[in-house]
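Visitor: Pasting a structure below so you can have a look.
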Amino acid sequence: MSQSNPQLNLDNQICFRLYSASRQVTRLYQPLLKEVGLTYPQYIVLLILWEQDGQLVKEIGERAELNSNTLTPLLKRLAERGLVTRSKNPDDERQTFIHLTEAGKALEQSCACIPAQMMAKAGLSMEQIQLLKQSLDVLMAQGKR
1 MSQSNPQLNL DNQICFRLYS ASRQVTRLYQ PLLKEVGLTY PQYIVLLILW
51 EQDGQLVKEI GERAELNSNT LTPLLKRLAE RGLVTRSKNP DDERQTFIHL
101 TEAGKALEQS CACIPAQMMA KAGLSMEQIQ LLKQSLDVLM AQGKR
């Protein structure tokens, strides 16, 4: 431990706190998502499509902050499960639209209780969650400059 440089102590690193918190949140989600047969990244992609169906792969990747090496096989698995369909953009064959199937739309109802269950597991008040989200939004905006 660096007594002469306390700023170098692991517990003082915001990056480590964020990394650890991210891993913990993902672990809390796992049993809830397992019940509906989804992984955390698949859930994120479906959340994006439930907000607005019929998006380009590129748009989904940007919103989910997933690169194509991760997103392409993820979308393939969702399509194999019958939750989404892929279709080429008639105006530009290089682009692919992703649409929810009826099964993908129906899964939204099964997932509707997950946010409330996560709130209960997190042990934070609504006010604390809002404050945390605001702080994270500021931090994320700095990274996009």
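First residue of the sequence shown: 1, per UniProt numbering; consecutive thereafter.
Backbone N, C-alpha and C define an ideal beta-carbon position, used for all residues, glycine too.
Residue range of the beta strand (DSSP E) that V138 falls in?
Guide: Reading the sequence shown from its first residue, position 138 is the one you call residue 138. First-last for V138: 126 to 143, but that is the alpha helix (DSSP H), not the beta strand (DSSP E).
Visitor: Relative to the C-alpha of K88, which candidate in I14, R23, F97 has its C-alpha closest?
Guide: Taking the first residue of the sequence shown as position 1, residue 88 is located at position 88. Nearest to K88 by C-alpha distance, out of I14, R23, F97, is F97.
Visitor: Does the stretch 61 to 75 come within contact of the stretch 43 to 50, defined as at least 3 CB pairs closer than 8 Å?
Guide: Enough Cβ pairs lie closer than 8 Å, so yes.
Visitor: Hey, D53 and L100 are a contact pair by Cβ (cut 8 Å); roughly how many whole angstroms apart?
Guide: On the sequence shown, residue 53 is found 53 positions in, with the first residue counted as 1. On the sequence shown, residue 100 is found 100 positions in, with the first residue counted as 1. The pair is a contact, with the Cβ atoms about 5 Å apart (cut-off 8 Å).
Visitor: Please go through the UniProt domain "HTH marR-type" (11 to 141) and give each complete beta strand (DSSP E) segment of 3 or more residues, from N-terminal end onward.
Guide: 84 to 89, 92 to 100
Visitor: Buried or exposed for G143, going by 16 or more other Cβ atoms inside 10 Å?
Guide: Within the sequence shown, residue 143 is the residue found at index 143, counting from 1. Burial call: exposed.
Visitor: For V57 versus L38, is the C-beta spacing smaller than 8 Å?
Guide: In the sequence shown, counting from the first residue as 1, residue 57 sits at position 57. In the sequence shown, counting from the first residue as 1, residue 38 sits at position 38. Cβ atoms of V57 and L38: not closer than 8 Å.
Visitor: Quick one: grab the DSSP three-state call for Q3.
Guide: Mapped onto the sequence shown, residue 3 falls at position 3. Correct three-state label for Q3: coil.
Visitor: Quick one: residues in its chain with C-beta nearer than 6 Å to the C-beta of Q134, no 5 flanking neighbours on either side, listed in chain order?
Guide: Taking the sequence shown and counting its residues from 1, one reaches residue 134 at position 134. Closer than 6 Å at Cβ, skipping near neighbours: no residue.
Visitor: Which same chain residues, not among the five before or five after M1, have their C-beta less than 7 Å away from its C-beta?
Guide: Stepping through the sequence shown from its first residue, residue 1 is reached at position 1. Low confidence applies to M1: its pLDDT is 49, below 50, so where it sits in the model is not reliable, and the reading given next is rough at best. Cβ neighbours of M1 beyond the five flanking positions: N9.
Visitor: Nearest to S22 by alpha carbon, out of A122, R145, M126?
Guide: As a first step, residue 22 is located in the sequence shown; it is residue number 22 there, counting from the start. Nearest option by C-alpha distance: A122.
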